[in-house]
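A.B. asks: Heads up, the sequence shown is in this note's numbering, so the first residue is 677 and it goes up one at a time. The beta carbon of each residue, even a glycine, is placed where N, CA and C say it ideally should be. Before I ask anything, let me first share the structure, which is written out below as structure tokens.
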Amino acid sequence: MKILKSISSLKAWRKKQSSLKKSVGLVPTMGALHAGHIELVKKAQKNCATVVVSIFVNPTQFNKVEDLKNYPKTLKEDLALLKAANVDAVFLPTEKMLYPDDFNYKVSEENLSQFLCGEHRPGHFTGVLTVVLKLLNLTQSTQAFFGEKDFQQLKLIQGMAKALFLESKIVPVATVREKNGLALSSRNKRLSAEALEKAQIIPELLRNKKNSPAAIQKILLEAGFKVDYVEDHWKRRFVAAHVEGVRLIDNMRI
Ligand code: PAF
């Protein structure tokens, strides 16, 4: 597994893949990897001849300093997982490398980013779209893979690829869940065993199609969650709720 720590080494690696006529799959991540990320890798390996995973905790998508500070960082374990999954290359950029412009140039969206997480995390999607565009440009990926757990993010990235005529195909991958139904997330690492158990009520409520969004919101509030939203969009039901100060999101088809 190639470890690429500079833009020049990534470009040289990419050039080599082109000369070998290999398609390139990109799996962008912020590290703290789990089985959900490995599903993205597997799909990328199925669709593309070679796969690069990027690990970069992108500061511009965090609207709260505390959240960025507390984001789990597990690089050693991440690299071991990726090696075991037979990933071809890992790109490990620094903030200085990805933001030579100090984030003066940005990609913003004015419609789909205005509700759900966009409403509750001002600037979040501008940070996401900007870093994803940079990663797509740098890797010149043939296809890039994103989980449906972050469904609004996926829609926005698909929209950006279309609006800006990007070459890379944006491929959705279904959410991976714990046995109890909880959607896998790097943030779950910050929850106590008690909170992890409590959080399984979220997928349970989403699965029961008889519940209205208002009824779900009431149940979550009564169970002690702080609720950002329970709303329906794109024929799916979306929840964002906090437990032990950790923000969890999930969505399911209705
Ligand atoms: O979904 C994530 O982990 C991040 O938002 C992404 C796409 C890697 C951009 O930083």
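Tell me whether P879, by its Cβ, gets closer than 7 Å to a heavy atom of the ligand PAF.
C.D. replies: Checking every heavy atom of the ligand PAF against the Cβ of P879, none is found closer than 7 Å.
A.B. asks: Between V700 and S685, what straight-line distance do the alpha-carbon atoms span, to the nearest angstrom?
C.D. replies: Approximately 15 Å, taken between the alpha carbons.
A.B. asks: List the endpoints of the continuous alpha helix (DSSP H) containing M928.
C.D. replies: No alpha helix (DSSP H) contains M928, which is instead part of the beta strand (DSSP E) from 922–929.
A.B. asks: Whose C-beta lies closer than 6 Å to the C-beta of F827 among residues of the same chain, with five residues either side of it excluded?
C.D. replies: Hits under 6 Å: N927.
A.B. asks: Pull up the distance between the alpha-carbon of K810 and that of K886, whole angstroms please.
C.D. replies: The straight-line gap from Cα to Cα measures roughly 42 Å.
A.B. asks: Return the first residue and the last residue of the alpha helix (DSSP H) that R690 is part of.
C.D. replies: 683–695 is the extent of the alpha helix (DSSP H) around R690.
A.B. asks: Quickly, what does DSSP pair G823 with across the bridge? List them, please.
C.D. replies: Paired residue(s): V849.
A.B. asks: Starting from the N-terminal end, write out each residue whose C-beta falls within a distance shorter than 6 Å of any non-hydrogen atom of the ligand PAF.
C.D. replies: Taking each Cβ in turn, the ones that pass are P704, T705, M706, N734, Q737, V804, V807, V808, D826, Q829.
A.B. asks: What are the residues that DSSP puts in a beta bridge with G701?
C.D. replies: In DSSP, G701 forms a bridge with V727, Q819.
A.B. asks: Among the residues of its own chain, which have a CB less than 6 Å from the CB of A850, if the five just before and after it don't count?
C.D. replies: E824.
A.B. asks: Please classify V727 as buried or exposed, where buried requires at least 16 other C-beta atoms within 10 Å of its C-beta.
C.D. replies: Answer is buried; the Cβ neighbour count reaches 16.
A.B. asks: Are V783 and M836 close, meaning C-beta to C-beta below 8 Å?
C.D. replies: It is a contact, given that the beta carbons lie within the stated cut-off.
A.B. asks: Does the Cβ-Cβ distance between E771 and P735 come in under 8 Å?
C.D. replies: Contact flag set, yes.
A.B. asks: Does the distance from the C-beta atom of K749 to that of A708 stay below 8 Å?
C.D. replies: In this structure, A708 lies closer than 8 Å to K749 by Cβ.
A.B. asks: Could you compute how far the alpha carbon of N723 sits from the alpha carbon of F901?
C.D. replies: Rounded to the nearest angstrom, the two C-alpha atoms are 39 Å apart.
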